[in-house]
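One structure is given below, encoded as structure tokens.
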Amino acid sequence: MLMTPAEYVESLRKLNTRVYMFGEKVDNWVDHPIIRPSINCVAITYALAQDPQYEEMMTATSNLTGEKINRFGHLHQSTQDLVNKVKMQRLCGQKTASCFQRCVGMDAFNAVYSTTFEIDEKCGTNYHKNFVEFLKYVQEKDLVVDGAMTDPKGDRSKGPSDQADPDLFLRIVERREDGIVVRGAKCHQTGSINSHEHIIMPTIALSEGDEDYAVSFACPSDAEGIYMIYGRQSCDTRKLEEDADIDLGNKRFGGQEVLVVFDDVFIPNDRIFLCGETEFAGMMVERFAGYHRQSYGGCKVGVGDVLIGAAGLAADYNGANKASHVKDKLIEMTHLNETLYACGIACSAEGAPTKAGNYQIDLLLANVCKQNVTRFPYEIVRLAEDIAGGLMVTMPSEKDFKSDMVVGKNGETIGDVCNKYFAAAPVCTTEERARILRLIENICLGTAAVGYRTESMHGAGSPQAQRIMIARQGNLEAKKELAKVIAGINTAK
Ligand code: SF4
Ligand code: FE
């Protein structure tokens, strides 16, 4: 059953998720002004799935139940499904100009489904069935699931078992007849608080001796022993200001990242998807990362569309839209953004079935996609700031524009003065100009910059992680052979 956005929000109220922010417990986190925009953002994934014009993009037929489900809960059954996924993410990015958070679960579903199949095949375990039962439950209830991979990692020169504090990688601390007890944390967790359930995966490839760290499982977000500490975003406390609107740039939507702590959490056997099989940790990591690198060829492009539009409006409002260099900058932004999309579509179109039957992206192209994402949004942001002008970061507050305090010799108010000196081309009011500049500020260096800028660098793996994969998948030796043939060098050498 597809949930409505309102049902989704109400379903969150039923959870007992423990949330802390600014050193205090947040009891009503659903209505907290800093958190609520991120909930609205996830709610869009429900709203669009109810809209007939987006049905093909936003919904799919479950291969597990034959029912119509939200595509965010789908196991990709074809390359078309992979393409539709990217299109869906671009659409959601366009509608929210933020990170809508639900993709990490979708990417975890597809990675864990195929990996558990191969673990069972080799080890005779029961993980795939466990996972399928879990996913059926998620699809039927139309739940949001956080896919959690990133451990704190402590001293980067040491592996999980060699850390001074063994909890710096999430681990099994007790094995019981009926399940396991886990301890540790996952950081940078996108949309954790807004998720009904979590899927936990290891963060790196593991080897013998790391058995306690080779663990994957699902558990409710409000399971006994779990709590979350909210991540700060630049300009976040503007949301606490009374009647805040224009200064927020994006009043309705935002992303969310938190530290999730597992303080000895019990996981029953039927929710375990990996437990000690170290040789499969790398496969799970690689597949999840691959899917999430594909994802960025959709979501970041959608946010980029909004940013390009905002820069175009800023040019119109400044009266600079006829300048050839401004036109050219907008072309360059579009070129960069569409290049990211091309990578997202390409790695999808070149996908192939896994042994389990769901489709996986082309890993090399997905890594190239994400590598470009670590660069192009920065250039797009640079060009947006260039077009917007310095006012984007020097403009007085909304309260000044609306102030009726008299400051001028002829009775002018602060609002009058702001409106006089910040008026630009006649196509816009000063308020419209302020709104667009604040939106650009929000995406480039405000709350949404977490999702658009820095997450473009580090989300789904930092740049070097992709370069390692590109080196592994690039098949340099085969390319050398091609060159030898053309150059007339003996290929047997
Ligand atoms: Fe989805 Fe993008 Fe947010 Fe990742 S960063 S959860 S792909 S919107
Ligand atoms: Fe992400």
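Under this note's numbering, the residues of the sequence shown are numbered 20 to 512, in order.
Note that beta-carbon positions come from the ideal geometry of N, C-alpha and C, so glycine has one too.
Computed from a prediction, not measured in an experiment: that's the story for all the values here.
- Where P56 is concerned, the enclosing alpha helix (DSSP H) starts and stops at 55-68.
- Distances between the C-beta of E216 and the heavy atoms of ligand 1 are all 8 Å or more.
- Just so you know, the alpha carbons of G274 and A403 end up roughly 21 Å apart.
- Rounded to whole angstroms, the separation of the alpha carbons of E86 and A62 is 21 Å.
- Bounds of the alpha helix (DSSP H) holding C318 are 300-337.
- With fewer than 16 other Cβ atoms from the protein chains shown falling within 10 Å of its own Cβ, D405 counts as exposed.
- For I191, the enclosing beta strand (DSSP E) begins and ends at 190-195.
- For Y360, there is no enclosing beta strand (DSSP E); the enclosing alpha helix (DSSP H) has its first and last residue at 343-368.
- For the options T144, S81, H354, K428, the alpha carbon positioned closest to that of Y156 is the one of S81.
- R194 is positioned such that its CB atom lies no closer than 9 Å to that of R202.
- In this structure, DSSP gives T393 a state outside helix and strand, which the three-state scheme calls coil.
- The shortest C-alpha to C-alpha distance from K389 to any of M107, H477, D231 is the one to H477.
- If you draw a straight line from the Cα of F395 to the Cα of N356, it is about 7 Å long.
- Counting every other CB atom within 10 Å of its CB across the protein chains shown gives I380 a total of 16 or more, marking it as buried.
- Under a 10 Å Cβ-count criterion, G430 is classified as exposed, with fewer than 16 other Cβ atoms of the shown protein chains found around its own Cβ.
- Contact check for G112 against G317 passes: the beta carbons are separated by less than 9 Å.
- Inclusion of I212 and V28 in the CB contact set at 9 Å is not warranted, their separation being larger than that value.
- Under the DSSP assignment, N461 falls in the alpha helix (DSSP H) whose first and last residues are 449-464.
- A distance filter of 6 Å between CB atoms and the heavy atoms of ligand 2 selects the following residues in sequence order: T209, E474, G478, A479.
- DSSP places A506 in the helix class (H, G or I) of the three-state scheme.
- DSSP places A130 within a helical segment (H, G or I) once states are collapsed to three.
- For N438, the enclosing alpha helix (DSSP H) starts and ends at 433-440.
- About 13 Å separates the CB atoms of V45 and L31; that is not less than 8 Å, and the two are not in contact.
- For G317, the shortest C-beta to heavy atom distance toward ligand 1 is below 8 Å.
- F236 is bridged by DSSP to I219, I291.
- At a cut-off of 8 Å, the beta-carbon of Q113 does not count as near ligand 1: no heavy atom of the ligand is closer than that.
- Shortest gap from the CB of S314 to any heavy atom of ligand 1: under 8 Å.
- Using a cutoff of 8 Å, the CB of R271 does not count as near ligand 1, since none of the ligand's heavy atoms is closer than that.
- Where M76 is concerned, the enclosing alpha helix (DSSP H) starts and stops at 74-77.
- Contact between the stretch 284-302 and the stretch 440-450 is absent, with fewer than three C-beta pairs closer than 8 Å.
- Secondary structure at E137: helix, using DSSP grouped into helix, strand and coil.
- With fewer than three CB-CB distances shorter than 8 Å, the stretch 339-357 does not count as touching the stretch 87-106.
- In this chain, the beta strand (DSSP E) harbouring M40 covers 38-40.
- Nearest in C-alpha terms to H217, of all of D126, N377, L110, V412, is D126.
- Leaving aside the five residues that flank N340 on each side, the residues in its chain whose CB is nearer than 6 Å to its CB run, in chain order, A334.
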